[in-house]
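According to mature numbering (1 follows the signal peptide of the UniProt record, and there is no 0), the residues represented by the sequence shown are -19 to -1, 1 to 166, in order. All C-beta atoms in this analysis are idealised placements derived from N, C-alpha and C, irrespective of residue type, glycine included. Report on the following structure.
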Amino acid sequence: MLSARIRIAARLVAVAALAALTAGCFQPMYAERTLDGQSSALREKLMAVEVPPVDKPNASREARVGVEVRNALAFKLYGTATGVAPTHRLVLRFTTSRSSLMIDQATALPTSENYGIDAQFNLVEIASNKSVMTGTTFSRVSYDMPGSYQRFARARAFRDAEDRAAQEIADNIQTRLASFFSTGT
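What follows is the structure in structure tokens.
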């Protein structure tokens, strides 16, 4: 009985020692303070990324999705703050796709569809006009299509799918930019 308690205590001490040794190796990505007490530079670096409008034909569905991606990305990078001089420009290009997942055999109409965005982004340093990072990301979201008599519900479901996919693209790009600025690669 005593040896079992000693083994449990030894394991707990080993786990506590391991946790104490590795605790100093990690720092939150969005920390307000760095280890040396200075303010976090990641927030300022993200705020210094300019996101120009996406080049898509006016009044098209892709133009609306481009505005949605740009607005979501701008809010994630800047929050509510503005006024920092841009040091980088994020050039974004994307294509969209739509595919039927399930088809009602009685009416031959789709009942569920997938909406996808494939995005390519390029981070350009403004001072040298050199590309410092490129990447691709994608998003696939599914949505249900109500019966053939509910055309407005069908249009709204499609628009909601576009918005969810755009938000996911913005999340992915913001995470990759934060990773780039915090590690430099």
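{"query": "How is Gly128 classed by DSSP in three states: helix, strand or coil?", "result": "coil"}
{"query": "Alpha carbon to alpha carbon, what distance is there between Ala100 and Gln19?", "result": "Note on Gln19: pLDDT 43, under 50, position unreliable in the model; the coordinate value appears next. Distance between the alpha carbons of Gln19 and Ala100: 35 Å."}
{"query": "Please name the residue, chosen from Tyr130, Gly47, Ala136 and Ile98, that lies closest to Ser120 on a Cα-to-Cα basis.", "result": "Ile98"}
{"query": "Is there a Cβ of chain D sitting closer than 9 Å to that of Tyr59, yes or no?", "result": "Among the chains in the structure shown there is no chain D, since it carries only a single protein chain."}
{"query": "Just checking my contact of Leu73 with Phe102 at CB under 8 Å: how many whole Å lie between their CB atoms?", "result": "5 Å"}
{"query": "Can you check DSSP and say which residues form a bridge with Arg(-13)?", "result": "None, per the DSSP bridge assignment."}
{"query": "For Val(-7), does the three-state DSSP call read helix, strand or coil?", "result": "helix"}
{"query": "How far does the beta strand (DSSP E) with Leu58 in it reach, from first residue to last?", "result": "No beta strand (DSSP E) contains Leu58, which is instead part of the alpha helix (DSSP H) from Arg42 to Tyr59."}
{"query": "Can you check the region 81 to 149 for any beta strand (DSSP E) of at least 3 residues that lies completely inside it and give the ranges in chain order?", "result": "91 to 106 and 111 to 125"}
{"query": "So, for Asp17: in the same chain, excluding its five sequence neighbours on each side, which residues have a beta-carbon less than 6 Å away from its beta-carbon?", "result": "The pLDDT assigned to Asp17 is 49, lower than 50, so where the model puts this residue is not dependable, and the model offers no usable value."}
{"query": "Pick from Phe75, Ala66 and Gly116: whose alpha carbon is nearest that of Arg45?", "result": "Phe75"}
{"query": "Leaving out the 5 sequence neighbours to the left and right, which residues in its chain are closer than 8 Å to Ala40 when beta-carbon positions are compared?", "result": "none"}
{"query": "Compare the C-alpha of Phe56 against each of Gly165, Asp141 and Ala147 and name the closest.", "result": "Ala147"}
{"query": "Measure the alpha-carbon distance for Ala151 versus Leu158 and round it to whole angstroms.", "result": "10 Å"}
{"query": "Can you check which of these residues, Leu71, Ala138 and Val122, is closest to Glu106 by C-alpha distance?", "result": "Leu71"}
{"query": "Where does Thr68 sit, in a helix, a strand or coil, going by DSSP?", "result": "coil"}
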